[in-house]
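Q: Below is one structure. I have some questions about it.
Residue numbers (this note's numbering), protein chains in the order written: chain A, 4 to 109; chain B, 11 to 127.
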């Protein structure tokens, strides 16, 4: 089975930058890396996707090193509403990571 | 508005019964997926389908069955062979992976919560 691992939980304060890592050692050449946010009792929501180097959109950045065996989701200046569980997904394997529970404190 | 509709939102099942969860999408997506989520846990892949009349088992397919007779629909049947079916079930869809940009963006429904009495 493909194994995609993340830290179980993280705490941060409002206004700080948060970096969440994902390890995906068995990523294949054609795999994309995507990240999702999930609130309780809701379906996950797409945040960002990338293949290599750095990708940035209006809500997050995604850093992928040259070997692509890991990735880092960066959330700038988090707010209380960013408290959620964050998952990485290696596409084409359709396997989600273990999830990181982010708690933002006032 | 385009989206994915799952029904029912809540479902109760007696032991030994089969139940079917509905998933319909009007996004014109070729690929559809079913995931299971247990309380406090991550998402596990049950089945996925890349095209009509074709589907593949995921990591936890035992005790489940699917069909893909129409592009818009991907129902999941939880059979009596699934010994611990109480969970939150999520359906998703996506464009074909060969599309490059936006490949990997799964669109999820609101989920169906199944409880075994």
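Ideal placement from N, C-alpha and C gives every residue a C-beta, glycine not left out. In this text, all values refer to a predicted model and were calculated from it rather than measured experimentally.
Please tell me whether residue 25/A and residue 37/A are closer than 8 Å, where the distance is taken between their beta carbons.
A: It is not a contact, given that the beta carbons lie outside the stated cut-off.
Q: With contact counted as at least three CB pairs below 8 Å, one residue from each stretch, are the region 15–27 of chain B and the region 67–76 of chain B in contact?
A: At 8 Å Cβ cutoff, the stretches do not touch.
Q: Drop a sphere of 10 angstroms on the beta-carbon of residue 62/A, count the other beta-carbons inside from all chains shown, and report buried for 16 or more, exposed for fewer.
A: Counting Cβ neighbours within 10 Å, residue 62/A comes out exposed, since fewer than 16 surround it.
Q: Rounding to the nearest angstrom, what Cα-Cα distance links residue 55/B and residue 83/A in this structure?
A: Roughly 30 Å separates the two Cα atoms.
Q: Could you please give me the residues that DSSP links to residue 118/B through a beta bridge?
A: DSSP lists 102/B as partners of residue 118/B.
Q: Just to confirm my understanding: we take residue 92/B, look at its own chain, exclude 5 residues before and 5 after, and list those with CB closer than 7 Å. What are they?
A: The answer, listed in chain order, is 73, 74.
Q: Run down chain B in chain order and give the residues with a C-beta less than 7 Å from the C-beta of residue 110/A.
A: Given that chain A is displayed from residue 4 to residue 109, the structure contains no residue 110/A and the question cannot be resolved.
Q: How close, in whole Å, do the beta carbons of residue 89/A and residue 23/A come, if the pair is a contact with beta carbons under 8 Å?
A: Going by Cβ atoms, the distance from residue 89/A to residue 23/A rounds to 5 Å, so yes, they are a contact pair.
Q: Check whether the Cβ of residue 52/A lies closer than 8 Å to any Cβ atom in chain B.
A: Yes, contact with chain B.
Q: Are residue 105/A and residue 99/A close, meaning C-beta to C-beta below 8 Å?
A: For residue 105/A and residue 99/A, no; Cβs fall outside 8 Å.
Q: Thinking residue 122/B and residue 31/B are a contact (beta carbons under 8 Å), I'd like their distance in whole angstroms, please.
A: So it is a contact: roughly 5 Å between Cβ atoms.
Q: Roughly how many angstroms separate the alpha carbons of residue 52/A and residue 34/A, rounded to a whole number?
A: Using only the alpha carbons, I get a separation of about 11 Å.
Q: In terms of residues, what are the limits of the beta strand (DSSP E) holding residue 46/B?
A: First-last of the beta strand (DSSP E) with residue 46/B: 41–47.
Q: Alpha carbon to alpha carbon, how far is residue 60/A from residue 39/A?
A: Their Cα atoms are separated by approximately 14 Å.
Q: For a contact defined as C-beta to C-beta under 9 Å, what are the partners of residue 90/A on chain B?
A: Going along chain B in sequence order, the residues near residue 90/A (Cβ under 9 Å) are 52, 53.
Q: Residues of chain A with CB closer than 8 Å to the CB of residue 120/B, please, in chain order.
A: The answer, in chain order, is 45, 46.
Q: Quick one: is residue 78/A buried, meaning 16 or more other Cβ sit within 10 Å of its Cβ, or exposed?
A: So residue 78/A counts as buried.
Q: Quick check on residue 19/A: buried or exposed, where buried means 16 or more other Cβ atoms within 10 Å of its Cβ?
A: Looking at its Cβ environment, which holds fewer than 16 other Cβ atoms inside 10 Å, residue 19/A is exposed.
Q: Would you report the Cα separation of residue 29/A and residue 72/A, rounded to the nearest angstrom?
A: The alpha-carbon atoms of residue 29/A and residue 72/A are separated by roughly 7 Å.
Q: Whole angstroms is fine: what's the gap from residue 58/B's alpha carbon to residue 34/B's?
A: Residue 58/B and residue 34/B: Cα-Cα distance of roughly 14 Å.
Q: Give me the DSSP bridge partner(s) of residue 80/B.
A: Bridge partners of residue 80/B: 83/B.
Q: Tell me which residues of the region 66–90 of chain B have at least one Cβ-Cβ distance to chain A shorter than 8 Å, keeping chain order.
A: Answer in chain order: 68, 69.
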